[in-house]
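Scroll down for the structure; my scribbles are underneath it.
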Amino acid sequence: MGARKAMTAKKLQAEKKQKAIAIMRDCPTSPRKMRLVADIIRGVEINKALGILRYSKKEASIRMEKLLKSAIANWEAKNEGERLEDVTLCVKEVFVDCGRMLKRIQPAPQGRAHRIRKRSNHVTIVVDKVVTVENK
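In terms of the numbering used here, the sequence shown opens at residue 180 and continues consecutively.
Below you can see the structure in the form of structure tokens.
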């Protein structure tokens, strides 16, 4: 491996060390409902995001809060030397993808059948340090 490639690899590895990721798969909520909650906390500091999720009326916020706590715990596991109180963390990325869809049949009038699609989703949260830009 060349010197430039090795330096780039070390830089990416150092950046990856700062980030903590938590993934929830096959959550039995429709992606559209989960995206409403994800949009609320994207880019917000973690303590504020936890408060928003705790007092939100949406059912999807319960699962999102649990996932955010998991991401915070993953960050603490990656950065054992640092204290959570000393560092300002924020929700860097949140994205919701479609999961598998369960297809069911509901009887309809005149011998017909309507299809019911029970949707699920996959949610990914990335927690990272807040980068402060200093003016010179």
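Glycine included, each C-beta is placed from N, C-alpha and C at the ideal position.
Owing to the predicted nature of the structure, the values given are computational and were not obtained by experimental measurement.
The C-alpha of S240 lies about 37 Å from the C-alpha of R291. Annotation note: the segment 254-290 contains no uninterrupted alpha helix (DSSP H) run of length 4 or greater. Between V306 and K282 a beta carbon distance of about 35 Å is seen, past the 8 Å cut, so the two are scored as non-contacting. Short of 7 Å from the beta carbon of R279, and not among the five residues preceding or following it, lie these beta carbons of its own chain, in chain order: D205 and S299. When C-beta atoms of the segment 206-220 are compared with those of the segment 230-249, three or more pairs fall below 8 Å, so the two segments count as touching. Comparing C-alpha distances from L246 to each of A188, N226 and A201 shows the shortest one belongs to A201. The residues M243, V273, F274, V275 and V302, in chain order, have a CB closer than 8 Å to that of A217 in the same chain once the five nearest residues on each side in sequence are set aside. Contact check between the segment 219-235 and the segment 247-262: three or more CB pairs, one atom from each, fall below 8 Å, which counts as touching.
Beta bridge pairing from DSSP links T303 with I202 and F274.
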